[in-house]
Structure formats: C-alpha cells, structure tokens
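In UniProt numbering, the protein residues as written are 1 to 581.
Virtual Cβ for every residue (Gly too), placed ideally from N, Cα, C.
Take a look at the structure set out below.
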C-alpha cells in the first residue's frame, strides 16, 4: 500500500514539485513535466520522453546531460496530454527538431501523435517512436502491437546519445528504431500495486503464485505459476528472451548484449542481485558478452512486487551509444562534464492565453454548453465506480476515474473561459485541452479530439444550431477514427459514436430540431452501447484478454451513451422550459 500522501488527486503534481526541488541542478519544471536546467548543445535534436507518473525513474529521472532533454508527465498511470507534451517539447527544443519517445500504449500513441502534428504545424521538425519491447504482450508476428516496458531505457539512451553526438533528426530516429528492433523484455509479478488512497491493489496474485507477462499499468499477466527459486526465475527469463532474438542476429553465441534486470517497485536490490548472479552465469554459458549491465529500478510500476529482464542485442553502433556518458537524477554512466546551468531569464516560462472575440449569440451558446458539461460531470461522478468495474473485466479498471478527472477538468476550464466571455467554440476547445490534460490515457485523448472537433465546427460567431452541431459530431467521429484507428466492430466507443453521428445527421437532414434529433440519436447510442457486450475487442488494453470481455459491454461505449443521453435530457428540459415561457 501507499503510506505517504496528502490528497490522492494531488499526488502526481506534488511528486513532480518535490523531484524538481531535489534535483534543481539538473532539471526544472515546466507546464506538463520537466526539462533540463542545464545548457544543451545548440542546433541539436531534443529527445523528449514521457508517459504516466508512477514509473520512476522513468520518465523524469532520465532527464539530463547524455539522456533525455525533457519528460512529459501524466497523472498516475495515465498518458500526458498532447498539450503537456507540446509544452515540454517547446521548452526543450534546441533548433534541430524533436524526437518524441514513449511506450506503446494507446493513450500515449494518441497524445504524442497529436503533439507531433501541432509541433510540425508550427514549423518544428518532429518525429515519434513507440517502444515495443514487451515480448509477452503480442506475438512475434505482431511486434508492432507490443507494449513498451523496461526496454524504454535502451531506446531512450541510444537516441539521446545520437542526439548529443550531433546527428540530425532522421538519423537519431533511425538509430532509435534500430535499438527498438533489437530490444526484448519479459516480466513477472508477485503482487499488484496500490495507488494513493486506494483500498486494494490494481490486481492481485494468489499467495505463493507468480504472474508471467504482466503490464506495468496493472494489465494482467498471460499465465500464472508457483513462485520459483531465484535461479529458476533467472532460467525462465533467459530461456524466454534467447528464443526471441532479433531477425538480423544469426546466432546467439558470440553476440554482445546490454542487460537490464529491473525491479518493478518493491523487489529489493539484494533480491535482484541474487537473480542476476544466475542470469550472468546463463548468458556466459550461451557465449554472450554482457556490456555494462544495469541492475536496479529503471521503469517501475509504483509499488508492484515484480521484476523484468531486458536484453538489447548490440552491434558496434549500438554499443558505442549504450556506453556513452550520461548524468541524470536517476541514471549515470561514464564520465560527464558538469554542464553550464541556464540563467534565470532562460528558465522563465511565458504563458499567455487570449480568447477570440465572440458574438453575443455564441456567448449565449457557450453558457448552455457549460450547463451541459456540468450535468455530464454530475452523472460521471455518480457512475465512475460502475464504469471502472466494467473496464476491470478485461482492462485495468481506470476508465471511470479517468472520465471523472477529465470532465471535472473540462468543467473547471469551461467556467473560467465562460466568465471571460468565450464563445461556444473557444469554450469547447479549451475544455477539450483540459479534459485530455486531466484524464490522460486513451479516453482523455479521444474526448479531447471530440470536443475540439465540435468546438471548431461551432465557432465563436453564431449560435449553436442543429446543422453545426451535427457537423461537429461528424467531425468528432472522423477525428477519433483517424487518431484512434478503431473501426465499428472493434468494441470501442466508435461502436456508439458512428451510429449516433449517423442518426443525428439523418434527423437534422429531415428537418428535426436539435433537441428532437439529439434524442433520436441518443436512443440509437444506448442500443449500440449494450450491443458491444457481444463483441470481441480488437484494439486497446482489453485485446490480450479479449474473450474475458464477451458478455460485458465496452466501458468507453457505455460512458459515451451515458453522456449523450444526459445531454439529451437537459436539451429536452431546456426545450420544454422555452416552450412554456
């Protein structure tokens, strides 16, 4: 369990503040995460890493000379938002482009992808790469679907060393891809982690048993077995990873490997050394040369009791980059010169937010939109536990709390900009950023896309009428399918959004009022959400345990149906009130 915290909701923000206070000689805080507080070489590529909090030393602990230039940090186990990533990248940009590196999780893929598009739109060269080292999360034939776990460090280190050496963005990306292609990880756990304020762990393993192949966010393992002796665990690790050598490695004997034995949070260093003793013997027996191994905590899962083994198969180029010096709060290698600190003026962050001028009609619509968001927030808070339980059947159970964080953040921001005279479009776009920022994860990214599309369609010059709303929902549908890559039948919110949007557009085209059209479409959404119970998930965290979810509707589909029905009820009340007046 977690012993030391104040308010659970403030835990992530407070840990960042404390981390920066303890490491001010290397990092400084910016909106969305941390960047180096020391001077980097001008006109070099900036390597930005990131993901949810709760994995220290990843990701903030790896920021410093020779490694990352910045880290975007989301809430506990939740992806940072596109806005957070963008802020960190802008603060760390050295003039030669940005490489965004992260683990291959749906929310991270969405948020980092959106940040990349925004940076490119502003003329900053940017590339993205998702780390895919976890051999247990997908088959060899589907390597691109694998998760990123402790192998993150290998890819981050190679990319950063290439950037420090002055390689251009295309070359840094190519070397990072090469490192990713040659990195493999396998992990086990003996018990799950318990987040601050929670009464029970995210998952549990029966006493005396060990889960094989679990994920670092509490995703269940692929199987269980009795807890082995330390030597037997070492043999499981080595056998599994030697069977997964890269396609361009012809044979095991004679190869060089970088090795990381990684504790996931509460397995002690002494235990790790006992396991590594046997790992070293086995690798030597296989005629492998180990190059600068690391034993300790590098990518954790808060306080999970678990351990993983990572191998990166080296060639001359990768070995040079792996051995290159680094000096960060949590990772040091070789001899590093003390870097020049930035001046106070260079560290100062400029924050400006101006709102476009809005018409009186749009300001009136903005106040109505705020009322709708407030009603949705009340509903989500009431049903957060239910949504979490649905998600826990085959996922990690965080959908309810993520939706709650997101909608409360959106309401707070919407109230602020409404008081400043925002139009409906600007209010929704600002609320979208806040939702994505506070919620993190896949749902946060997708709701950010949806609200931004709707806000863009409504604009700030006219009232929100039925055709504009239908067009905005249609744009939201297309945006979510573009960024999320899901299609109807994949068991996601898309299974509700597509029929809802189609029904709404059809009703508006037939001349229905906004309220009438919305209510018709909301009824379609409710039926579509329940129908997802019979589907098998094809994307997202539920995919590895697909069969378990059959019979239970998708949490994202259910929450979307709840939201459109809540909006429909309030629209109906407004309509009745106006007719009565």
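{"Check": "Segment contact, 8 Å Cβ cut-off, at least three pairs: the segment 95–108 with the segment 14–26", "Outcome": "no"}
{"Check": "Rounded separation between residue 542 and residue 549 - CA only", "Outcome": "Bear in mind that a pLDDT of 47 at residue 542, under 50, signals an unreliable position, so the model cannot answer this."}
{"Check": "Test item: CB-CB of residue 35 and residue 64 under 8 Å", "Outcome": "no"}
{"Check": "First through last residue of the beta strand (DSSP E) which encompasses residue 183", "Outcome": "183–191"}
{"Check": "Cβ-Cβ distance between residue 275 and residue 233 below 8 Å", "Outcome": "yes"}
{"Check": "Bridge-paired residues (DSSP) for residue 313", "Outcome": "257"}
{"Check": "Delimiting residues of the alpha helix (DSSP H) encompassing residue 531", "Outcome": "514–531"}
{"Check": "Cα-Cα separation between residue 316 and residue 253, rounded to whole angstroms", "Outcome": "16 Å"}
{"Check": "Residue environment, residue 338, which counts as buried when at least 16 other CB atoms sit within 10 Å", "Outcome": "exposed"}
{"Check": "Endpoints, alpha helix (DSSP H) assigned at residue 437", "Outcome": "424–439"}
{"Check": "Residue range of the alpha helix (DSSP H) that includes residue 365", "Outcome": "360–392"}
{"Check": "Helix, strand or coil at residue 333 according to DSSP, with G and I counted as helix", "Outcome": "strand"}
{"Check": "Straight-line Cα distance separating residue 370 from residue 383", "Outcome": "20 Å"}
{"Check": "Member of 47, 391 and 450 whose CA lies at the smallest distance from the CA of residue 110", "Outcome": "450"}
{"Check": "Proximity to residue 346 [Cα-Cα], best of 45, 44, 90 and 76", "Outcome": "90"}
{"Check": "Classification of residue 206 by the beta-carbon crowding that lies within 10 angstroms, buried from 16 upward", "Outcome": "exposed"}
{"Check": "Three-state secondary structure (DSSP) of residue 216", "Outcome": "coil"}
{"Check": "Residue closest to residue 216, alpha-carbon to alpha-carbon, out of 362, 251 and 148", "Outcome": "148"}
{"Check": "Residue 129, enclosing beta strand (DSSP E) - first and last residue", "Outcome": "126–131"}
{"Check": "Where residue 535 sits in the DSSP three-state scheme", "Outcome": "coil"}
{"Check": "Bounding residues of the beta strand (DSSP E) (the contiguous stretch that carries residue 202)", "Outcome": "Element bounds for residue 202: n/a, residue is neither H nor E."}
{"Check": "Simplified DSSP assignment, three categories, for residue 233", "Outcome": "helix"}
{"Check": "DSSP three-state assignment for residue 456, whether helix, strand or coil", "Outcome": "helix"}
{"Check": "Other residues of its chain near residue 504: CB distance less than 6 Å, five sequence neighbours each side excluded", "Outcome": "470, 473, 517 and 521"}
{"Check": "First through last residue of the alpha helix (DSSP H) which encompasses residue 87", "Outcome": "82–92"}
{"Check": "Close beta carbons around residue 441, own chain, < 6 Å, minus the five adjacent residues each side", "Outcome": "78, 79, 107 and 402"}
{"Check": "Residue 2 - DSSP class collapsed to helix/strand/coil", "Outcome": "coil"}
{"Check": "Environment of residue 82 [buried if 16+ CB atoms lie within 10 Å]", "Outcome": "buried"}
{"Check": "Whether residue 627 touches residue 88 by CB criterion (8 Å)", "Outcome": "Outside the shown range of the chain, which is 1 to 581, sits residue 627, and nothing can be said about it."}
{"Check": "The ligand ZN heavy atom lying under 7 Å from the CB of residue 148", "Outcome": "For the ligand ZN, the structure offers nothing, since it holds no ligand at all."}
{"Check": "Assigned exposure category for residue 577 - 16 Cβ within 10 Å defines buried", "Outcome": "exposed"}
{"Check": "Nearest-angstrom beta carbon gap, residue 426 and residue 355 [assumed within contact, 8 Å]", "Outcome": "5 Å"}
{"Check": "Residue 74 - DSSP class collapsed to helix/strand/coil", "Outcome": "strand"}
{"Check": "Secondary structure of residue 542, DSSP reduced to three states", "Outcome": "Residue placement at residue 542 is poorly supported in this model, since its pLDDT is 47, which falls under 50; the coordinates are not used for a value here."}
{"Check": "Within 8 Å, strictly: CB atoms of residue 330 and residue 260", "Outcome": "no"}
{"Check": "Which of helix, strand or coil DSSP assigns to residue 48", "Outcome": "strand"}
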